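Trainee: Protein chains in written order, with the numbering used here: chain A, -14 to 74; chain B, 7 to 92; chain C, 5 to 103.
Cβ coordinates follow ideal geometry from the N, Cα and C atoms, glycine included.
Since this is a predicted model, take the numbers as computed values, not measurements.
First the structure, then my questions, so here it is.
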Amino acid sequence: MSGGSTGAGSKTPADFLKSIRGRPVVVKLNSGVDYRGILACLDGYMNIAMEQTEEYVNGQLKNKYGDAFIRGNNVLYISTSKRTMSEGG
Amino acid sequence: MSHNPSHLLPSELIDRCIGSKIWVIMKGDKELVGTLRGFDVYVNMVLEDVTEIEITPEGRRITKLDQILLNGNNIAILVPGGGPEV
Amino acid sequence: MASTGEEDSAVKEPLDLIRLSLDERIYVKLRADRELRGKLHAYDQHLNMILGDVEEVTTTVEIDDETYEEIVRTSKRQIPFLFVRGDGVILVSPPLRTS
């Protein structure tokens, strides 16, 4: 639980959060619902502000929001968005 | 005696897992396996090359993820050294 | 708070998104398949909110005993004024901003 950079390739949650601002992310909630969009900002409660947000339920697009605030207590994980099969190439 | 695991604090045990595979069992029907990159006092964890396993009535659903920040709130069990087959 | 020249319209932390939606109509997704659309009058750091002129939509899914088909029902009602307890909130979406 070193606060700073101990080197040794350790990446704390704080480091991760700094590194993903402005990037496309997937936010998964405990309910299983996924949100995909651009991460605008977040805070220590894992409250999240996202842009161009798409809501997926069981893998199906259900809704789009220009901006979205997600309350942190619902968040299971925040993932860097992987350019997967959707992009053929 | 410093090598006896029973003399490790829980947080020291997790710290020793940094850079290695770890198996995370969540409250509820969900498990994740990945390489631990770091964690904080809430045991929020940064994991890399993650396999997410959801146990559903229809069977296991697998999702692969590059890098995630896992909320520590719903973690039940941590197993150093990686998970089930996969 | 006395940091660099801070603009009122800047979103520096997630709650700024809510602050910028004061007096606007917002969409709120709550637990238990409940959705609200209404005008945001006030909020706090827990995301407790006061909404006015609210439309509440609740969605229920039933399984037909014989055909096992899912029957999705939504019901709407109008509520002039209400308080939302923050711990039930999943997502808040402000109106589209033209920036």
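With DSSP collapsed to three states, give me the class of A/L2.
Mentor: Three-state DSSP puts A/L2 in a helix.
Trainee: Could you name the residues of the stretch 24 to 42 of chain A whose beta carbon sits closer than 7 Å to any beta carbon of chain C, in the order they occur along the chain?
Mentor: So the list reads A25, C26, L27, D28, N32, I33 and A34, given in the order they occur along the chain.
Trainee: Leaving out five residues on either side along the sequence, give the residues of the same chain with a beta carbon under 7 Å from the beta carbon of A/G7.
Mentor: I23 and L24.
Trainee: Interface residues of chain C around A/Y62 at Cβ under 7 Å?
Mentor: By Cβ distance, chain C contributes nothing, its closest Cβ being about 16 Å from A/Y62, past 7 Å.
Trainee: Would you mind sorting B/I20 into buried or exposed? The rule is 16 or more other CB atoms within 10 Å of its CB.
Mentor: It counts as buried.
Trainee: Pick from A/Y62, A/S66, A/I33 and A/N58: whose alpha carbon is nearest that of C/K16?
Mentor: Selected option, being the one with the closest Cα: A/I33.
Trainee: What does the Cβ neighbour count give for A/T(-3), buried or exposed, with the cut at 16 atoms within 10 Å?
Mentor: The residue is buried, with at least 16 neighbouring Cβ atoms inside 10 Å.
Trainee: Do C/I94 and A/N59 come within 7 Å of each other at the CB atom, strictly closer than that value?
Mentor: Cβ distance < 7 Å, so A/N59 and C/I94 count as in contact.
Trainee: B/P86 to B/L53, Cα distance in whole Å?
Mentor: Approximately 13 Å, taken between the alpha carbons.
Trainee: If you run the structure through DSSP and keep just helix, strand and coil, what is A/S(-5)?
Mentor: Coil.
Trainee: How about B/I81 and B/V30: do their beta carbons lie closer than 7 Å?
Mentor: A contact, by the Cβ cut-off of 7 Å.
Trainee: Look up C/M46 in the DSSP assignment and give the residues it is bridged to.
Mentor: One point to set straight first is that residue 46 of chain C is Ala, not Met, in the sequence displayed. In DSSP, C/A46 forms a bridge with C/I54.
Trainee: For chain A, check one thing: does any of its Cβ atoms lie closer than 7 Å to the Cβ of B/V52?
Mentor: By this cut-off, B/V52 is an interface position.
Trainee: Got a sec, what are the start and stop residues for the beta strand (DSSP E) A/S64 sits in?
Mentor: Unbroken beta strand (DSSP E) run through A/S64: V60 to T65.
Trainee: Look at the Cβ atom of A/V10, then the Cβ atom of A/I55, and state whether they are nearer than 7 Å.
Mentor: The answer is no: Cβ separation not under 7 Å.
Trainee: Chain A partners of B/R43, CB-CB under 9 Å?
Mentor: Here the neighbours are G(-6), S(-5), K(-4), T(-3), D0 and F1.
Trainee: For B/G65, does the three-state DSSP call read helix, strand or coil?
Mentor: Note: B/G65 maps to strand in three-state DSSP.
Trainee: Give a yes or no on contact between the stretch 54 to 62 of chain B and the stretch 22 to 40 of chain B, applying the rule of three or more CB pairs nearer than 8 Å.
Mentor: Yes, they touch.
Trainee: Name the two residues that bound the continuous beta strand (DSSP E) containing B/R43.
Mentor: First-last of the beta strand (DSSP E) with B/R43: K36 to F45.
Trainee: Using only the alpha-carbon positions, how far apart do B/E76 and C/E60 sit?
Mentor: Per the sequence shown, residue 76 of chain B should be read as Leu rather than Glu. Each residue's Cα considered, the two are about 32 Å apart.
Trainee: Taking 7 Å as the threshold (C-beta atoms), are A/R21 and A/E39 in contact?
Mentor: Yes, they are a contact pair.
Trainee: DSSP on B/R22, reduced to helix/strand/coil?
Mentor: Looking at B/R22 - three-state DSSP - the assignment turns out to be helix.
Trainee: Excluding the 5 residues preceding and the 5 following C/F85 in the sequence, name in chain order all residues of the same chain whose CB lies nearer than 7 Å to its CB.
Mentor: So the list reads G56, once near-sequence residues are dropped.
Trainee: From the DSSP output, in three-state form, read off B/S12 for me.
Mentor: B/S12 falls in the helix class under three-state DSSP.
Trainee: For C/R177, write down the residues that DSSP places opposite it in a beta bridge.
Mentor: Nothing about residue 177 of chain C can be read from this structure; chain C reaches only from 5 to 103.
Trainee: Where does the unbroken alpha helix (DSSP H) through C/L21 begin, and where does it stop?
Mentor: P18 to R23 is the extent of the alpha helix (DSSP H) around C/L21.
Trainee: Would you report the Cα separation of C/N52 and A/M31, rounded to the nearest angstrom?
Mentor: Answer to the nearest angstrom: the Cα atoms are 17 Å apart.
Trainee: Would you please verify whether the beta carbon of A/N76 is less than 7 Å from any beta carbon of chain C?
Mentor: Past the boundaries of the shown model lies residue 76 of chain A; chain A is included only from -14 to 74, so the question cannot be answered.
Trainee: Could you give the first and the last residue of the continuous beta strand (DSSP E) run that contains A/E39?
Mentor: Start and end: I33 to V42.
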